[in-house]
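*Asks:* Pasting in a structure now, in structure tokens, and then I'll have a few things to ask.
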Amino acid sequence: MPGFSAHYSQMVMPDHINIVGTLFGGQMIAWVDLAAAKVGFRFLKGTELDGAVTRAIDKVEFKEPVYLGDWVSFTATVISAGSTSFKIKVEAYAESRHSKPRLACVASVVMVAVKKDNDGNYHKSTHGKSC
Ligand SMILES: CC(C)(COP(=O)(O)OP(=O)(O)OC[C@H]1O[C@@H](n2cnc3c(N)ncnc32)[C@H](O)[C@@H]1OP(=O)(O)O)[C@@H](O)C(=O)NCCC(=O)NCCS
């Protein structure tokens, strides 16, 4: 796997559906954020940092509706790194029993590395990583 990537999958269950019978967009964004968090975890492995938090979701595009019973597979990739931040592209493919995977959602997420200081609070911290 080139660079830093992570995969994450979810099945669409009845609790995830909106009033028009498709996947609720806010639920999709929560899963996008989790996929980004997973690659963030991997990106920061081996550092002295305590984790990363979402600073921005720059862009989310819902390209195709997603239905009850579909599997949604996320690929999250670190595409650039700053001093404390790093940018992640997330793609979500939806797959139903009778169709091939289709690109349902794309998003761009910025995460910031954090460290817990002696005061018990988390502060941004340089990660020293590149991609
Ligand atoms: C994340 C946090 C610690 C950053 O602290 P801050 O003082 O706001 O930090 P800055 O404004 O200096 O930004 C930090 C980095 O993010 C980048 N950044 C900030 N806003 C950005 C935006 N809208 N888009 C892209 N990058 C952004 C900055 O350029 C900087 O990058 P660099 O250090 O790599 O050069 C703080 O904003 C925070 O706690 N936010 C809440 C996070 C949260 O609760 N998320 C949801 C739950 S995970």
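Its first residue numbered 79, the sequence shown is counted upward by one per residue in our numbering. Note that beta-carbon positions come from the ideal geometry of N, C-alpha and C, so glycine has one too.
DSSP beta-bridge partners for ARG180?
*Replies:* ALA172
*Asks:* Could you have a look at MET79 and say whether DSSP puts it in helix, strand or coil?
*Replies:* The predicted model places MET79 with a pLDDT of 44, which falls under 50 and marks its position as unreliable; any figure quoted below should be read in that light. Coil.
*Asks:* Let's test the definition: count the other Cβ atoms within 10 Å of the Cβ of MET91 and tell me whether it reaches 16, buried, or not, exposed.
*Replies:* exposed
*Asks:* Taking DSSP's pairing of strands, which residues face SER158 in a bridge?
*Replies:* LYS165
*Asks:* Let's test the definition: count the other Cβ atoms within 10 Å of the Cβ of ASP148 and tell me whether it reaches 16, buried, or not, exposed.
*Replies:* buried
*Asks:* Rounded to the nearest angstrom, how far is the Cβ of TYR86 from that of PHE164, given a contact under 8 Å?
*Replies:* Between TYR86 and PHE164 a beta carbon distance of about 17 Å is seen, past the 8 Å cut, so the two are scored as non-contacting.
*Asks:* Look up MET106 in the DSSP assignment and say whether it is helix, strand or coil.
*Replies:* helix
*Asks:* For PRO179 and VAL187, what's the separation of their Cα atoms in angstroms?
*Replies:* 23 Å
*Asks:* Hey, would you say the C-beta of THR125 is under 7 Å away from at least one heavy atom of ligand 1?
*Replies:* no
*Asks:* What residue range does the beta strand (DSSP E) around ILE135 cover?
*Replies:* 129-140
*Asks:* Taking the alpha carbon of ILE135 as the reference point, which residue from ASP197, LYS207, VAL168, ASP195 has its own alpha carbon closest?
*Replies:* Of the candidates ASP197, LYS207, VAL168, ASP195, the one whose C-alpha sits nearest the C-alpha of ILE135 is VAL168.
*Asks:* Provide the residue span of the beta strand (DSSP E) that contains TYR200, from first to last.
*Replies:* 200-202
*Asks:* Could you say which of PHE102, HIS94, ASP111, LYS116 lies nearest to PHE82 if we only look at CA atoms?
*Replies:* Ranking the options by Cα distance to PHE82, first place goes to LYS116.
*Asks:* Indicate whether HIS205 and THR162 have their beta-carbon atoms separated by less than 8 Å.
*Replies:* yes
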